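Inspection log for the structure reproduced underneath, given as structure tokens.
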Amino acid sequence: MLILKAVALGAMHGYAISQRLQQISRDVLQVQQGSLYPALHKLENKGWLAAEWGESETGRQAKFYRLTKKGRKQLDAESANWERLAGAVSAIMRMSE
Amino acid sequence: MSWIRRLFAGRRLNAELHAELRFHVDRLADDLMARGMAPEDARREATLRFGGETQIAEDCRDVRGTARVESFVQDLRYAIRVLAKTPPVTATAVLAIALAISTNTLIFSGVHALLLKPLPYPVPDRLFMLFGEIHGEDRVAFSTRELQLWQSSQKSFSEFGAFTGNGFTLTGRGEPLALFGVLMTPPAFSALEVPAALGRVIGPSDARPGRDHVVVLSDSLWRDRFGADRTVTGQSIYLNNEPYTVIGVMPPDFAFPERQYRLWVPATLESGVFQKFPDAHFLRPIGRLRPDVSTVQLDIEIKALSKRFAELDPYSQRTVFSKPLAEVSRGPVRRPLLALMAAVGFLLLIACANVASILLARGTARYREFAVRVALGAARFRLVQLLVVESGLLALTGGALGIAIASVGVKLLSTAGASSLPGIETTRINGPVLLFALGISMATGLLFGLAPAVLVARRAVAEGLRQGTRSTGDRSAHRMQSTLVAVEAALSVMLVAGAGLFAHSFIRLSSINPGFRPEHVLTASVAMNEASYPDEGKMLRFTRTVLEEARAIPGVDAVALATHMPFSGQGWGNSYEVEGHPAQPGKSYVAQIRPVSSGFFRALGIAIRQGKPFTEADHAKAPGAAIVNETLARRFWPNETAIGKRIRYDQDWLTIRGVVADIKHARLDQDTDPEIYIPYEQLPPGLMKFLGRSIYVIVHGSLDQAGMASALRRVIHIADPTIAVRELTPLERMITESYAQSRLRTALLVVFSVIALVFAAVGIYGVMSYLVGQRRQEIGVRLALGASRGSVIQMVIARALTVSTLGVIAGLITAAALARTVRGLLFGVADYDPLAFTFAAGALIAVAVAATLAPALRAARTDPLTSLRVE
Chain A
0 MLILKAVALG AMHGYAISQR LQQISRDVLQ VQQGSLYPAL HKLENKGWLA
50 AEWGESETGR QAKFYRLTKK GRKQLDAESA NWERLAGAVS AIMRMSE
Chain B
0 MSWIRRLFAG RRLNAELHAE LRFHVDRLAD DLMARGMAPE DARREATLRF
50 GGETQIAEDC RDVRGTARVE SFVQDLRYAI RVLAKTPPVT ATAVLAIALA
100 ISTNTLIFSG VHALLLKPLP YPVPDRLFML FGEIHGEDRV AFSTRELQLW
150 QSSQKSFSEF GAFTGNGFTL TGRGEPLALF GVLMTPPAFS ALEVPAALGR
200 VIGPSDARPG RDHVVVLSDS LWRDRFGADR TVTGQSIYLN NEPYTVIGVM
250 PPDFAFPERQ YRLWVPATLE SGVFQKFPDA HFLRPIGRLR PDVSTVQLDI
300 EIKALSKRFA ELDPYSQRTV FSKPLAEVSR GPVRRPLLAL MAAVGFLLLI
350 ACANVASILL ARGTARYREF AVRVALGAAR FRLVQLLVVE SGLLALTGGA
400 LGIAIASVGV KLLSTAGASS LPGIETTRIN GPVLLFALGI SMATGLLFGL
450 APAVLVARRA VAEGLRQGTR STGDRSAHRM QSTLVAVEAA LSVMLVAGAG
500 LFAHSFIRLS SINPGFRPEH VLTASVAMNE ASYPDEGKML RFTRTVLEEA
550 RAIPGVDAVA LATHMPFSGQ GWGNSYEVEG HPAQPGKSYV AQIRPVSSGF
600 FRALGIAIRQ GKPFTEADHA KAPGAAIVNE TLARRFWPNE TAIGKRIRYD
650 QDWLTIRGVV ADIKHARLDQ DTDPEIYIPY EQLPPGLMKF LGRSIYVIVH
700 GSLDQAGMAS ALRRVIHIAD PTIAVRELTP LERMITESYA QSRLRTALLV
750 VFSVIALVFA AVGIYGVMSY LVGQRRQEIG VRLALGASRG SVIQMVIARA
800 LTVSTLGVIA GLITAAALAR TVRGLLFGVA DYDPLAFTFA AGALIAVAVA
850 ATLAPALRAA RTDPLTSLRV E
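Note that the protein sequences, when read in sequence, are chains A and B. Residue numbering for the first sequence follows numbering that gives the first Met the number 0, starting at 0 and increasing by one per position. Residue numbering for the second sequence follows numbering that gives the first Met the number 0, starting at 0 and increasing by one per position.
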């Protein structure tokens, strides 16, 4: 879901996605950077991301991922679920006070 | 990208993946350098932060979802390489499998065509035929009177009718063609429920006097003689010199009762021959059971009806039983075909044992390779997969080759079996047969591949990279090899013993003396049709002319005429009375009546035991004479002469003129019935016009067959150019054709057992070579310690013999047990025929010794020094 969100704003290559995730989460999520790629490929196989090779900012060839229509639908569904879950959790947390 | 595309883009995807990951690491390093880190440190830090590239790349590849297939493809290519490295071994295995699968496919195609393919009628298992049984002779036909009784009373069948075969001569469309057709009552045809492909089938309005000269053609006749002309309905043709109108053509796969019957005409029970001889038994009832009637109910009704009718008609004191139509045509071939199927099944198992031992030997030689794979992290499953892929490849290659061989074999089988297995010409490699071949190929691959694979994989994992080839684990491989040899020996001996049984039985059968001299005897079958021969006068003129002219052929020594020729498949059973020996109340004597001309006994060389043969003087106006065979004479007059006694089968008493030796009439392996020979010319006019139309002209002479045949044909043609000669066959051939099925069976089994022996030889040779190779060190030690080379040879051969003999004994015991099931197919040999079994055991032992000889000699030639050198 996080990857889908990161890519929602525009096509990005893997390094940029990883940078963006680190940036947004304010370094709370620390994972081995490479482990991003199996996830990216899985999302691509599922049809939620579409990939294209293009020229990066530095002039080298890179693989760019963008959100597909299916992916957007999936992202919306997952965020809705997440909101619901988060709402429920915080409701329970508030309850015990 | 879809899964399929990912499968084929493997290489490109891997390159892209590598580039993608590289890009990330490079950018990370760049960023770090931009922040001030030294290039080398930046590189190292980037790689660290990224994570293990190999692992990540592997995870990415796993996500692709094609790992399973890719590993399979990889194993496949590897297997091809490995198999290609040892061509002789691979070729042996493939050939063994090909032979086994080809024979199995071949026999199965026969089984499918003759036993499994559904009959060409809708819901065929509701079709039943009725048969009578009288005095032990079963499959007796019904008479017209009986049939009409049954027709009016029965309730179980929704359609019930009858049919009878008849010979026809088709004229007016090219050369006169003699063929077989069927007279059918309309309900019989509608019981089959098959519509015509063109025109219509026989209907109720066709079986009326004056309206019954219509004919339905078979597809093959329509194509052969009418050029597949679609306007053929309504056209007129001449059958037996009478005009018939074509009303329809049947579909190509329709046949009734068998493919050799090529046209159908209505049987009009109210007129013609049916009313002239209402008590003659030649009609075969057939019907379609009502949907709500079970076979049990049918049998109950049959019993009740036959009891009731027996009280009405003294001649019908017999039991009637029903048989499903499928059973009628397939019953006789089921047992032989299944026996053949079992035989080739054994062959397949032997081939599997062979290939299994080959793979096992190869597997143990590759322990080291497998150990390396295990060390590199291969799961046991992968090792097994690799070996199974190899064996699968062998199996499918062998299978494909086998199917190719089988398709050639099918053609041979069709021609060879044409006379003995009716319907065999429809055998083909079709869908179900191919499926079967594929199925057994895969099963074979699994069978011979799995056990060695598991064994080898298990050992490889356990042993690791231990040095040297000798260890306790070897013993299980050796044990398996020895077991395989024993199994092969057992199966081979069973096949050879089986072949021996059938061969012995066949030799017995074919050497039976038929009771007459068939050599140099030629027979021609002709039919005098009603239109050209309306009365006995014309018939006799023809027969006398033909006999006279035939006698004049140079080189001909005797001529004769008979209505029911031995080994023609025809007979005429009738009841008879003996003066002074009344039959028991409610029973009657039955004999075969044989109208023959005066030269008959001379032409066939039948010995005359008492009295004299017929002469020309025995014509229609002379006192009635008869000649009986020994069986009949012995029955009534065992201690006195039969000459002068009187018997009759019809109105008039006949005086017995002579007694002749018994001859075999229908089959060599059947006992002779009582027979009454009567002079052909003394047939009562009604019977002569009914039974005497179809005759065999017999000549015995010293000419070559071809010369006599053309001369005889010429004589008949001169006597009447419109008559077609149906068959012109040497009598010897008629006899050999009577046991053609036995011959085919035996030939096939002999071929299979030879293949089995070759398999066994190759298998034993392979295993012994392997074992000898494994024990080189031990042999070297023995030789070094002073053992003679001869004793080494002895040791090797003894080893092979022990295992083989165990297998042989097991095989013979099983064979004796199984022989019981084929007892019905054997003639004159016991189940455990000592000759066949001894021969089989001997053959196998000889093969085992011969196959072991080369490895044994090789072992004896081992140089102790080289073998003892540590590897």
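C-beta atoms are modelled at their ideal positions from N, C-alpha and C, and glycine is treated no differently. These figures come from a predicted structure and were not determined experimentally.
Tell me the rounded alpha-carbon separation between residue i and residue j.
i: B/Met-733; j: B/Val-520; result: 11 Å
i: B/Thr-471; j: B/Gly-779; result: Confidence is the limiting factor: at B/Thr-471 the pLDDT is only 49, short of 50, which leaves the residue's position unreliable, though a coordinate-based value still follows. If I take the Cα positions, the gap works out to 20 Å.
i: B/Glu-548; j: B/Leu-560; result: 13 Å
i: A/Asp-75; j: B/Gly-398; result: 55 Å
i: B/Val-248; j: B/Gly-827; result: 47 Å
i: B/Val-807; j: B/Ala-488; result: 6 Å
i: B/Lys-663; j: B/Gln-583; result: 28 Å
i: B/Leu-852; j: B/Phe-838; result: 21 Å
i: B/Ile-722; j: B/Leu-176; result: 9 Å
i: B/Arg-469; j: B/Ala-814; result: Residue confidence is low: B/Arg-469 scores 49 on pLDDT, short of 50, so the model does not pin down where it sits. Its coordinate-derived value is still stated next. If you take the alpha carbons of B/Arg-469 and B/Ala-814, they lie about 39 Å apart.
i: B/Trp-263; j: B/Glu-424; result: 22 Å
i: B/Gln-153; j: B/Asp-291; result: 15 Å
i: B/Arg-334; j: B/Val-821; result: 8 Å
Which residue's Cα is closest to the Cα of residue i: the options?
i: B/Phe-179; options: B/Gly-166, B/Ala-530, B/Gly-247 and B/Arg-474; result: B/Gly-166
i: B/Ser-587; options: B/Ala-187, B/Val-807, B/Gly-271 and B/Gly-572; result: B/Gly-572
i: B/Ala-557; options: B/Thr-522, B/Glu-529, B/Gly-570 and B/Leu-852; result: B/Thr-522
i: B/Thr-544; options: B/Val-714, B/Gly-131 and B/Leu-20; result: B/Val-714
i: B/Val-749; options: B/Leu-702, B/Gly-499, B/His-699 and B/Ser-597; result: B/Gly-499
i: B/Ala-624; options: B/Leu-268, B/Tyr-676 and B/Val-659; result: B/Tyr-676
i: B/Asp-649; options: B/Ile-357, B/Met-687 and B/Ser-419; result: B/Met-687
i: B/Arg-457; options: B/Phe-435, B/Leu-546, B/Tyr-366 and B/Leu-483; result: B/Tyr-366
i: B/Ala-855; options: B/Ser-151, B/Leu-864 and B/Gln-773; result: B/Gln-773
i: B/Leu-817; options: B/Phe-345, B/Glu-777 and B/Lys-275; result: B/Phe-345
i: B/Phe-758; options: B/Arg-656, B/Tyr-243, B/Ile-357 and B/Ile-607; result: B/Ile-357
Just verifying my parser: in three-state terms, what is the DSSP assignment at residue i?
i: B/Ile-626; result: strand
i: B/Phe-167; result: strand
i: B/Met-183; result: strand
i: B/Gly-841; result: helix
i: B/Ser-787; result: coil
i: B/Pro-86; result: helix
i: B/Leu-682; result: coil
i: B/Leu-800; result: helix
i: A/Leu-1; result: helix
i: B/Thr-468; result: The predicted model places B/Thr-468 with a pLDDT of 49, which falls under 50 and marks its position as unreliable; any figure quoted below should be read in that light. Correct three-state label for B/Thr-468: coil.
i: B/Phe-308; result: helix
i: B/Val-319; result: strand
i: B/Ile-646; result: strand
i: B/Ala-809; result: helix
i: B/Pro-854; result: helix
i: B/Asn-512; result: coil
i: B/Gly-430; result: helix
i: B/Phe-156; result: strand
Could you give the residue range of the beta strand (DSSP E) that holds residue i?
i: B/Ile-236; result: 235-238
i: B/Trp-263; result: 260-265
i: B/Arg-333; result: Not the beta strand (DSSP E): B/Arg-333 falls in the alpha helix (DSSP H), residues 324-364.
i: B/Ser-693; result: 693-700
i: B/Arg-656; result: 653-659
i: B/Phe-883; result: Since the first residue shown for chain B is 0 and the last is 870, residue 883 of chain B is missing from the structure and cannot be characterised.
i: B/Asp-223; result: Segment 218-225 is the alpha helix (DSSP H) holding B/Asp-223; no beta strand (DSSP E) there.
Kindly examine the ligand PLP and report whether one of its heavy atoms sits closer than 7 Å to the Cβ of residue i.
i: B/Arg-48; result: The model depicted lacks the ligand PLP and carries no ligand whatsoever.
How far does the alpha helix (DSSP H) with residue i in it reach, from first residue to last?
i: A/Gln-18; result: 13-23
i: B/Tyr-871; result: Since the displayed chain B opens at 0 and closes at 870, residue 871 of chain B lies outside it and no answer follows.
i: A/Lys-72; result: 68-94
i: B/Asn-13; result: 9-33
Could you work out which residues of chain D lie near residue i, taking near to mean beta carbons separated by less than 8 Å?
i: A/Tyr-14; result: Among the protein chains in the structure shown, which are A and B, there is no chain D.
May I ask you to list, following chain order, the residues of the region 32-56 of chain A that have a beta carbon less than 7 Å from some beta carbon of chain B? Using a CB distance below 7 Å, the part of the region 32-56 of chain A facing chain B consists of Gln-32, Gly-33, Ser-34, Tyr-36, Pro-37, His-40, Lys-41 and Asn-44, ordered along the chain.
Taking a Cβ distance cut-off of 9 Å, strictly less, list which residues of the region 57-78 of chain A are near chain B, in chain order. So the list reads Thr-57, Arg-59, Gln-60, Ala-61 and Lys-62, given in the order they occur along the chain.
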